Amino acid sequence: MARFMQHWNGNLLCAIDIETSGLDPYFHEILQICILPLDSNIEPLQGILPFYINMIPEYPWRAEPEALKKNGLKLQELALKGFDKIKAIDMFEEWVKRLELPTTKFGTPKQLMPLGQNYSFDKPFIMQWLGQSVYSQYFNYHHHDTMVTAHYLNDRAAYHSEKVPFSKTNLVWLCHVLNVKVERAHDALSDCLSVAGCYKELLRKGLF
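Residue numbering for the sequence shown follows our numbering, beginning at 256 and increasing consecutively.
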């Protein structure tokens, strides 16, 4: 299976998910992140391990109990087994190098093209971690989003006076409607697989 669809122009589609200590990207932190490269069939790219790590929170006292309950992460375990944010950036940059992305006509590498579920939530957290310049270096400004796609399909159905396909647009519900298996909700790797599976089904089913 090819690594890229033609119109991706050599940029690599990656399912991305994070688990955080709360909802505010300027106050809370990423605790877990997964970046899962996908091929042109929206399947995990063979021979490439995802970037999937836990991070040590710099401000553990800011963590919201509800967020920790939801993602099941333990602050004590993160402190012992996670990576600090600077080390995590180094690991991320080394991981991107191993992808051996094609280059532009100017000799710069192509970029990662995010596929997320409500990526507008994830993006500012990732930018706070990496910084604006590093984020812009590695991530394409175009992104794909299962939630946005579901809202579009609902709007399209309503516009044509048809039954809307999704009564809810959270990831668990999309997986239910689209018959995508969920291994463990609110684990970054599992959610990346769910996002990829839902996006593939949305493409396969077409305009419902």
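Glycine included, each C-beta is placed from N, C-alpha and C at the ideal position. Please read these numbers as outputs of a predicted model, since none were measured by experiment.
| query | Got a sec, what are the start and stop residues for the alpha helix (DSSP H) F347 sits in? | reply | Taking the sequence shown and counting its residues from 1, one reaches residue 347 at position 92. Per DSSP, F347 belongs to the alpha helix (DSSP H) from K340 to R353.
| field | Close Cβ partners of W428 (< 8 Å) along its chain, the five nearest in sequence each way excluded | value | As a first step, residue 428 must be located in the sequence shown, where it is residue number 173. So the list reads F421 and S422, once near-sequence residues are dropped.
| message | Just to confirm my understanding: we take I311, look at its own chain, exclude 5 residues before and 5 after, and list those with CB closer than 8 Å. What are they? | response | Along the sequence shown, read from residue 1 onward, the residue named residue 311 stands at position 56. Answer for I311: L333, A334, G337, F338, D339 and K340, listed in chain order.
| query | Which of the three DSSP states, helix, strand or coil, is assigned to L328? | reply | As a position in the sequence shown, residue 328 is number 73, starting the count at 1. It is coil, neither helix nor strand.
| message | Comparing C-alpha positions only, which one of E274, L300 and E348 sits nearest to A257? | response | Here residue 257 refers to the residue found at position 2 of the sequence shown. It is L300 whose Cα lies nearest to the Cα of A257.
| message | Just verifying my parser: in three-state terms, what is the DSSP assignment at P312? | response | The sequence position of residue 312 within the sequence shown is 57, counting from 1. If DSSP states are grouped into helix, strand and coil, P312 belongs with coil.
| query | Do you know offhand how far N264's Cα is from H398's? | reply | Counting from one through the sequence shown, the residue named residue 264 turns up at place 9. Counting from one through the sequence shown, the residue named residue 398 turns up at place 143. Cα to Cα, the separation comes out at about 14 Å.
| If we call anything under 8 Å between Cβ atoms a contact, is Y393 one with V437? | As a working mapping, residue 393 is identified with position 138 in the sequence shown. As a working mapping, residue 437 is identified with position 182 in the sequence shown. For Y393 and V437, no; Cβs fall outside 8 Å.
| message | Cutting at 6 Å between CB atoms, please list the residues of its own chain near E318, excluding the five before and the five after it. | response | Along the sequence shown, one-based indexing puts residue 318 at 63. Checking the displayed sequence, the identity of residue 318 turns out to be Ala instead of Glu. So the qualifying residues of the chain are S276.
| Considering I381, what are the terminal residues of the alpha helix (DSSP H) in which it resides? | What you label residue 381 is simply residue 126 of the sequence shown in a count that begins at 1. Residues Y374 to L385.
| query | Touch check for the stretch 356-375 and the stretch 443-463: three-plus C-beta pairs under 8 Å? | reply | yes
| said: For P379, count the other beta carbons within 10 Å of its own beta carbon; 16 or more makes it buried, fewer makes it exposed. Which is it? | reply: As a working note, residue 379 is residue 124 in the sequence shown. Exposed, by the Cβ-count rule.
| field | Candidates I290, L328 and L367, of which the one nearest F259 by Cα | value | The residue given as residue 259 occupies position 4 in the sequence shown. F259 has its Cα closest to that of L367, out of I290, L328 and L367.
| message | Can you look up D446 in the DSSP assignment and give me helix, strand or coil? | response | Position 191 of the sequence shown, counting from 1, holds the residue named residue 446. Correct three-state label for D446: helix.
| query | Quick one, which of S295, Q387 and P320 has its alpha-carbon nearest R459's? | reply | Translated into the one-based positions of the sequence shown, residue 459 becomes position 204. Considering only alpha carbons, the answer is S295.
| As assigned by DSSP and simplified to three states, the class of H283 | The residue given as residue 283 occupies position 28 in the sequence shown. It is coil, neither helix nor strand.
| Along the chain, where does the alpha helix (DSSP H) that runs through D410 open and close? | Within the sequence shown, the letter at position 155 stands for residue 410. Run containing D410: T401 to Y414, per the alpha helix (DSSP H) assignment.
| query | For Y396, which three-state DSSP category applies? | reply | Taking the first residue of the sequence shown as 1, we reach residue 396 at position 141. In this structure, Y396 counts as coil in the three-state DSSP scheme.
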